[in-house]
Amino acid sequence: MAGITIFETVAAMREAVAGWHAAGEEVALVPTMGALHEGHIALVTEGRRHARRTIVSIFVNPTQFAPHEDFKKYPRTFDDDCAKLVAAGADAVYFPSVEEMYPAGFATRVLLLGPAAVGLEDRFRPTHFEGVATVCCKLFTQSRADHAVFGEKDYQQLKVVTRMAADLDLGIRIVPLATIREADGLAMSSRNRYLSAEHRALAPTLHRAMQDLAARIRNEDPLFQAVSDAQNEIITAGFELDYLEARHAETLAPVTSLADGPMRLLIAARIGGTRLLDNIAV
Numbered sequence: 032m033a034g035i036t037i038f039e040t041v042a043a044m045r046e047a048v049a050g051w052h053a054a055g056e057e058v059a060l061v062p063t064m065g066a067l068h069e070g071h072i073a074l075v076t077e078g079r080r081h082a083r084r085t086i087v088s089i090f091v092n093p094t095q096f097a098p099h100e101d102f103k104k105y106p107r108t109f110d111d112d113c114a115k116l117v118a119a120g121a122d123a124v125y126f127p128s129v130e131e132m133y134p135a136g137f138a139t140r141v142l143l144l145g146p147a148a149v150g151l152e153d154r155f156r157p158t159h160f161e162g163v164a165t166v167c168c169k170l171f172t173q174s175r176a177d178h179a180v181f182g183e184k185d186y187q188q189l190k191v192v193t194r195m196a197a198d199l200d201l202g203i204r205i206v207p208l209a210t211i212r213e214a215d216g217l218a219m220s221s222r223n224r225y226l227s228a229e230h231r232a233l234a235p236t237l238h239r240a241m242q243d244l245a246a247r248i249r250n251e252d253p254l255f256q257a258v259s260d261a262q263n264e265i266i267t268a269g270f271e272l273d274y275l276e277a278r279h280a281e282t283l284a285p286v287t288s289l290a291d292g293p294m295r296l297l298i299a300a301r302i303g304g305t306r307l308l309d310n311i312a313v
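To get the numbering used here, take the position in the sequence shown, counting from 1, and add 31.
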């Protein structure tokens, strides 16, 4: 596509990155699964703040989907994505095939503990983070980028990837970016397009409930009761709640009060078949 370079192989990407590095230019990577929205574009903008060159990977990663999840129906909008990336000033798109990412005989996975095993997303999607960590580890080493930008919307994922990059000495700096929201507070997500008009109107309930909960916690209301009330509010509004929990902002361990350290509220809930994630600091 005019205006942007498309790499389909590791070799092509590495050749370009080697040239950029030889010229003294740092490289930022923005890993995505495509279906780009303004939240993704904000990640590109953040990448450009940290590096002279920015690569956006577009790869719908099969290893992070469970058999019952929406791998086949996950939106794929490559031409539109590239047009948005040209406008955003990205330098290149890495668009590998499944065979390029997982060639015949591929037999390695990243084993995770720490923030990947705390009873949040991992309780409902037990193989998800193994797939995320494996593909991110490959993307980091394939691209040899200096920085990788991740949004805070998938907060547990951010912590898992940050821990992995440090533990495995991958030589890449993980750059977090605050969640980009719609005007009514709903966290931007590629899956929001699945919401009916009725459910889209209800979706901001999650963010409002978390804001109210955070205010109660800061006001030193008893944590267990405050969380319980917020959970009931969300269920009463018509959501199927997977979890709403207060956790330590760095380790994601359970907490009992603000005295336990910095706190993060994390939520996952379904409405009309669409699963929404969000989180905020307390």
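For each residue, glycine too, the CB sits at the ideal point set by N, CA and C.
Between which two residues does the beta strand (DSSP E) carrying Val326 extend? Absent from the model: residue 326. The displayed extent of the chain is 32 to 313, so no value can be given.
Do three or more CB pairs link the segment 119-132 to the segment 80-88 at distances below 8 Å? yes
Boundaries (first-last residue) of the beta strand (DSSP E) holding Glu271: 271-279
Identify whether Ser174 lies in helix, strand or coil by the three-state DSSP scheme. helix
For Met323, I'd like the list of residues in its chain whose CB is within less than 8 Å of its CB, leaving aside the five on either flank, ordered along the chain. In this structure the chain extends from 32 to 313, so residue 323 is not present and cannot be described.
Return the bridge partner residues of Asp309 from the DSSP annotation. Ile298
Check the C-beta distance from Asp177 over to Arg204 and give it rounded, since I have them as a contact under 8 Å. 7 Å
Report yes or no: do three or more beta-carbon pairs, one from the segment 114-123 and one from the segment 150-162, lie closer than 8 Å? no
Let me know if Ser220 comes out buried or exposed under the rule of 16 or more other beta-carbons within 10 Å of its beta-carbon. buried
Arg107: first and last residue of the uninterrupted beta strand (DSSP E) it sits in: Segment: none, Arg107 is in no beta strand (DSSP E) and carries neither H nor E.
Can you look up Thr36 in the DSSP assignment and give me helix, strand or coil? strand
Taking C-beta to C-beta, are His52 and Val58 nearer than 9 Å? yes
Bridge partners of Arg212, per DSSP? Ala218
Can Leu208 and Ala73 be called in contact, C-beta distance under 9 Å? yes
Are the CB atoms of Leu275 and Leu342 within a distance shorter than 9 Å? Residue coverage of the chain in this structure runs from 32 to 313, which leaves residue 342 outside it and unanswerable.
CB-CB under 6 Å to Arg175, same chain, minus the five flanking residues each way: which ones, in chain order? Val48
Tell me whether Tyr125 sits in a helix, a strand or coil according to DSSP, three-state version. strand
Using only CA atoms, which one of Asp198, Glu152, Ala119, Ala234 lies nearest to Gln187? Glu152
Give me whichever residues DSSP pairs with Thr63 in a beta bridge. Ile89
Give me, in chain order, the residues of the same chain whose beta-carbon lies closer than 6 Å to that of Gly216; leave out the 5 immediate sequence neighbours on both sides. Pro235, His238
Could you check which residue in Ala196, Phe102, Asp185, Thr305 has the C-alpha nearest to that of Leu170? Ala196
DSSP on Pro285, reduced to helix/strand/coil? strand
Check for me: the alpha helix (DSSP H) holding Val258 runs from which residue to which? 254-267
For Val192, which residues of its own chain have a beta-carbon under 8 Å away from its beta-carbon, when the five flanking residues on both sides are left out? Val163, Ala164, Cys167, Ala179, Phe181, Ile205
Could you tell me how far apart the beta carbons of Asp273 and Ala300 are, in whole angstroms, since I believe they sit closer than 8 Å? 6 Å
What is the C-beta distance between Gly120 and Arg79, in whole angstroms, given that I count them as a contact (C-beta under 8 Å)? 6 Å
Where does Arg204 fall in DSSP's three states? strand
Would you kindly work out how many angstroms separate the C-alpha atoms of Thr267 and Asp260, rounded to a whole number? 10 Å
Any idea what DSSP makes of Arg84, helix, strand or coil? strand
State yes or no: is the C-beta of Asn310 within less than 9 Å of the C-beta of Glu183? yes
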